[in-house]
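In terms of my numbering, the numbers along the sequence shown are unbroken and rise by one, the last being 1569.
A virtual CB, placed ideally from N, CA and C, is assigned to each residue, including glycine.
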Amino acid sequence: MANFETVEVSTDLLIVGGGFAACGAATEAAYWAKKHGLKVTLVDKAALDRSGAVAMGLSAINQYVGIRDGENTAEDYVRYVRQDLMGISREDLVYNIARHVDSTVHLFEKWGLKIWTDEQGKYVHEGRWQLMINGESYKVIIAEAAKNALADAGGEIYERVFITAPLMEGNKCVGAVGFSTRENKFYVFKAKATIVAAGGAVHVFRPRSVGEGFGRSWYPPFNTGSSAYFTMKAGAEMTCQEVRFIPIRFKDAYGPVGAWFLLFKARAVSAEGGEYMAVRKDELQNWAPYGLAKPIPANLRNYLGMLDIDAGLGPLYMETAEAIGNIAKDYQDDPKAFKKKMKELESEAWEDFLDMTISQAHLWAAQNIKPEEKHSEIAACEPYFIGSHSGASGAWVSGPEDVETPYKWGHTNMCTVEGLFAAGDASGASSHKFSSGSHAEGRIAGKSAIRYIVENGQDLKVDMAEVDKLKATILAPLDLYEAHCKETTAPEINPNYILPMQFMFRLQKIMDEYAGGVTSAFKTSKSLLKRAMELFVFLKEDSEKLAARDVYDLERCWENIHRMWQGEAHIRTVFFREETRWPGYYFRSDTPRMDEENWHCFANCRWDPATGEWEMIKREIVALPGV
Ligand code: SFD
Ligand code: AMP
């Protein structure tokens, strides 16, 4: 076996990940841990300051309810998410996040985040729920608060350690194992409770950007399905694995559209100039009641644009010049004020990208695009798994104690596995939490997990013989490479193993062509999915032949295994749900309609660690009482 030192770390609470949910969990848990003399340890595969989805920054806080100013109620937010997710959401979880999210946003401001304010000192809204920010350093600010809280409570942070798998004792999670991405060290974290907050997944599907653009995607390439893998391998029930997210973005550099639609009130049109949201309005009848209420769900907005593409009316364009012109119109009688306003709008347009998707600004510059003069192409991205945005995939977690629902079996945000909690992208059916809601949910999970430890925490029993077996499995790709790499003149071509990049291409090809990726125009069917499952049998077999040249490759091997599990859960759940509910995310051509009678329910799944079998489960949707 490759020579890796084993480093054992004992803690009370382990937080896996260092993004928004993890930072929220760390900040809150540290406070309660200090009171109870407990230790909190956070492990991130990257460096906390710039890890996860918010690495480059963001230009808006997408969830702010505005309860203190009487703008909205938490119940309003529940109705919004119910509508946007075509009726499928865990309303208790959405409610719990919504009632806590504002205090998180106020903390962000206290920690130094600049939220735009108007002349009256009120937050500038992008839309009903969204606040504009100067967000290029958003992640640094939130990470700093988490670091300070952990330091104050005697906690620890491990950066650049890739968590590979859960550590289990029967149906109880007792920590995690992983390896350093820089040194030959294998880590064993033993914990009385574990919170998984390792984000969602990208590059499961073949991206639009291949060849020279490979690696560019809307979702950050460093989130690779580790949350899903971790919870599935622990035997946790999962939910909404079919609810992938496809954002519409400025084409090829993936710049955000929210500010354009909501703040600038821009129209999206086909190459012929028709506004698909108006021209194709009648199509929304087919998706009633959700298609007929406002706001029109994100997937249906996508779908109407996709119908234009199918009809040969592409490319689609965002009418940036028209929108800027409309806003500036009010100033046209005063040339000086007009010029000033135009300058301001122009800089806001560029800042929107520079805050969070810098490469879109590069692309505009490279293509001589001045948004005030010329429109820009938009397109549907490849599918992603991001339960915190407008997708919903994640673990099935226990709801808040004070809300009357059947969804309660343990401490709030605990999975169906003892001692294992999830938040952010890792927890499912509670979409539209975004950065602020993920942080709030992390705080909820952090407090709950500490309470779990205080009430249930016994001394840990970890079978080190099992740990040694896990270590051998995790390091196997290094051994396989070492054993065979000299047998061929070109070490990347070898009948005894497959390198991680080749493996990823194969996974992406299956997902793209059979499970409704970009090149299949997001369409799939029962037969295509069945064939994908057949091909996955071989893919899984060959995953045992993944080989690694060094620790970087070892990380890539495991990232791809994590992606593969996310892909399999997706295929199985799309297959299970015999209807089309989210056209614009995916379309099942053999069941092209929504079936409220049979499928207004959660489609859950569970992989059984004891038998290796998958179980598919329908779960009832229970509305938040009185909402
Ligand atoms: O508008 C391991 N999001 C936006 N939210 C907003 O509030 N406003 C916006 O402006 C947003 N925009 C946006 C957003 C996302 C993306 C990708 C883009 C633009 C391009 C959504 C939020 O970013 C998102 O909801 C939260 O970040 C979710 O939080 P969380 O904690 O669930 O995920 P994370 O922040 O990505 O962190 C993941 C962490 O896990 C680590 N990790 N660590 C150890 N071992 C492993 N195996 C690991 N695998 C991953 C990561 O390093 C990271 O620390 S807008 O354009 O949509
Ligand atoms: P995006 O940049 O697309 O991620 O959008 C940012 C926020 O605005 C998210 O909360 C979206 O759900 C919301 N949003 C974007 N476009 C629209 C739209 N056309 N109508 C309503 N909400 C939107």
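| Cβ-heavy atom distance, residue 1247 to the ligand SFD, below 7 Å | The residue given as residue 1247 occupies position 305 in the sequence shown. Answer for residue 1247: no, Cβ out of range of the ligand SFD.
| message | Let me check understanding here. Comparing Cα to Cα, which of 1416, 1231, 1216 lies closest to residue 1537? | response | For this step, residue 1537 is matched to residue 595 along the sequence shown. The residue with the shortest Cα to Cα distance from residue 1537 is 1231.
| task | Check whether the Cβ atoms of residue 1502 and residue 1449 sit closer than 8 Å, and answer yes or no. | result | Taking the sequence shown and counting its residues from 1, the one referred to as residue 1502 is at position 560. Taking the sequence shown and counting its residues from 1, the one referred to as residue 1449 is at position 507. Yes; because the gap between Cβ atoms is below 8 Å, this pair is in contact.
| request: Scan the region 1012 to 1084 and note each continuous beta strand (DSSP E) run of 3 residues or more that stays entirely inside, going in chain order. | output: 1073 to 1076
| Distance, Cα to Cα, residue 1132 vs residue 1107? | Counted from its first residue, the sequence shown places residue 1132 at position 190. Counted from its first residue, the sequence shown places residue 1107 at position 165. If you take the alpha carbons of residue 1132 and residue 1107, they lie about 12 Å apart.
| request: Please determine, among 1474, 1531, 1534, the residue with the shortest C-alpha to C-alpha distance to residue 1506. | output: Against the sequence shown, residue 1506 aligns to sequence position 564. Comparing Cα-Cα distances from residue 1506 to each of 1474, 1531, 1534, the minimum goes to 1474.
| Contact check, residue 1339 vs residue 1369, beta carbons under 8 Å | For this step, residue 1339 is matched to residue 397 along the sequence shown. For this step, residue 1369 is matched to residue 427 along the sequence shown. Yes, the Cβ-Cβ distance between residue 1339 and residue 1369 is below 8 Å.
| said: On a Cα-Cα basis, can you pick out the residue from 1528, 1563, 1548, 1532 that is closest to residue 1540? | reply: The residue you call residue 1540 lines up with position 598 of the sequence shown. Of the listed residues, the one whose Cα sits closest to residue 1540 is 1563.
| task | Please report the Cβ distance between residue 1477 and residue 1516, rounded to the nearest whole angstrom; I am assuming they are in contact, meaning their Cβ atoms lie under 8 Å. | result | Taking the sequence shown and counting its residues from 1, the one referred to as residue 1477 is at position 535. Taking the sequence shown and counting its residues from 1, the one referred to as residue 1516 is at position 574. About 15 Å; that fails the 8 Å criterion.
| said: As a quick exercise: from 1382, 1030, 1202, pick the residue whose alpha carbon is nearest that of residue 1314. | reply: As a first step, residue 1314 must be located in the sequence shown, where it is residue number 372. That would be 1202, whose Cα lies nearest to the Cα of residue 1314.
| message | Please report the straight-line C-alpha distance between residue 1165 and residue 1188, rounded to a whole angstrom. | response | Here residue 1165 corresponds to residue number 223 of the sequence shown, with the count starting at 1. Here residue 1188 corresponds to residue number 246 of the sequence shown, with the count starting at 1. Each residue's Cα considered, the two are about 16 Å apart.
| request: Quick one: give me the first and last residue of the alpha helix (DSSP H) that residue 1475 is part of. | output: Sequence index remark: in the sequence shown, residue 1475 carries index 533 (1-based). Residue 1475 -> alpha helix (DSSP H) spans 1468 to 1485.
| query | In this structure, does DSSP put residue 1264 in helix, strand or coil? | reply | What you label residue 1264 is simply residue 322 of the sequence shown in a count that begins at 1. Residue 1264: helix per DSSP, three-state reduction.
| query | Looking at the structure shown, is residue 946 part of a helix, part of a strand, or coil, going by DSSP? | reply | As a first step, residue 946 must be located in the sequence shown, where it is residue number 4. Correct three-state label for residue 946: coil.
| query | At which residue ranges does the region 1260 to 1342 contain complete beta strand (DSSP E) runs of 3 or more residues, listed in the order of the chain? | reply | 1318 to 1322
| request: Please report how far the alpha carbon of residue 1533 lies from the alpha carbon of residue 1256, in whole angstroms. | output: The residue you call residue 1533 lines up with position 591 of the sequence shown. The residue you call residue 1256 lines up with position 314 of the sequence shown. Straight-line Cα distance between these residues: approximately 26 Å.
| query | To the nearest angstrom, how far is it from the Cα of residue 1568 to the Cα of residue 1394? | reply | As a working note, residue 1568 is residue 626 in the sequence shown. As a working note, residue 1394 is residue 452 in the sequence shown. When rounded, the distance between both Cα atoms is 30 Å.
| message | Using a Cβ distance threshold of 8 Å, determine whether the region 952 to 962 contacts the region 1105 to 1120, with at least three qualifying pairs required. | response | yes
| message | Can you tell me whether residue 1244 is buried or exposed? The criterion is at least 16 other CB atoms within 10 Å of its CB, across all chains shown. | response | As a first step, residue 1244 must be located in the sequence shown, where it is residue number 302. Label assigned to residue 1244: buried.
| field | Inter-stretch contact (C-beta, 8 Å, three-pair minimum) for the region 1143 to 1162 and the region 1460 to 1470 | value | yes
| request: Compare the C-alpha of residue 1069 against each of 1061, 1001, 1088, 1078 and name the closest. | output: Numbered from its first residue, the sequence shown carries residue 1069 at position 127. Taking only the C-alpha atoms, the option nearest residue 1069 is 1001.
| request: Measure the alpha-carbon distance for residue 1344 versus residue 1351 and round it to whole angstroms. | output: Mapped onto the sequence shown, residue 1344 falls at position 402. Mapped onto the sequence shown, residue 1351 falls at position 409. Roughly 13 Å between the two C-alpha positions.
| field | Cut-off 6 Å between Cβ atoms - residues of its own chain near residue 1217, not counting five sequence neighbours on either side | value | Sequence index remark: in the sequence shown, residue 1217 carries index 275 (1-based). Around residue 1217: 1209, 1211.
| field | Pick from 943, 1566, 1322 that is closest to residue 1159, judged by C-alpha positions | value | Locating residue 1159 in the sequence shown gives position 217, where the first residue counts as 1. That would be 1322, whose Cα lies nearest to the Cα of residue 1159.
| said: Any heavy atom of the ligand AMP closer than 7 Å to the beta-carbon of residue 1526? | reply: Taking the sequence shown and counting its residues from 1, one reaches residue 1526 at position 584. No, the beta carbon of residue 1526 sits no closer than 7 Å to any heavy atom of the ligand AMP.
| request: Inspect the beta-carbon positions of residue 1036 and residue 1005 and report whether they are closer than 8 Å. | output: To locate residue 1036, count along the sequence shown from 1; it is residue 94. To locate residue 1005, count along the sequence shown from 1; it is residue 63. Taking 8 Å as the Cβ cut-off, residue 1036 and residue 1005 do not qualify as a contacting pair.
| query | Bridge partners of residue 1549, per DSSP? | reply | Position 607 of the sequence shown, counted from the first residue, corresponds to residue 1549. The partner list for residue 1549 (beta bridge, DSSP) reads 1556.
| said: The alpha helix (DSSP H) that contains residue 1175, what's its start and end? | reply: In the sequence shown, the residue the question calls residue 1175 occupies position 233. Here the alpha helix (DSSP H) through residue 1175 covers 1168 to 1175.
| request: Measuring alpha carbon to alpha carbon, tell me which of 1250, 1122, 1291 ends up nearest residue 1199. | output: Taking the sequence shown and counting its residues from 1, the one referred to as residue 1199 is at position 257. Of the listed residues, the one whose Cα sits closest to residue 1199 is 1291.
| request: Return the first residue and the last residue of the beta strand (DSSP E) that residue 1563 is part of. | output: Numbered from its first residue, the sequence shown carries residue 1563 at position 621. Where residue 1563 is concerned, there is no enclosing beta strand (DSSP E), given that its DSSP letter is neither H nor E.
| field | residue 1409, enclosing alpha helix (DSSP H) - first and last residue | value | For the purposes of this step, residue 1409 is taken as residue 467 along the sequence shown, with counting starting at 1. 1406 to 1426 is the extent of the alpha helix (DSSP H) around residue 1409.
| Would you say the beta carbon of residue 1351 comes nearer than 7 Å to a heavy atom of the ligand AMP? | In the sequence shown, counting from the first residue as 1, residue 1351 sits at position 409. No.
| For the region 981 to 988 against the region 1056 to 1068, are there 3 or more C-beta pairs whose distance is under 8 Å? | no
| query | What do you reckon, is the C-beta of residue 1000 under 7 Å from a heavy atom of the ligand SFD? | reply | The count along the sequence shown starts at 1 and reaches residue 1000 at position 58. Yes, since a heavy atom of the ligand SFD falls inside the 7 Å radius drawn around the Cβ of residue 1000.
| Going by DSSP, what residues sit across from residue 1122 in a beta bridge? | Here residue 1122 refers to the residue found at position 180 of the sequence shown. Answer is 1103, bridged to residue 1122.
| query | Are at least three pairs of beta-carbons, each pair with one atom in the region 1296 to 1309 and one in the region 1435 to 1447, less than 8 Å apart? | reply | no
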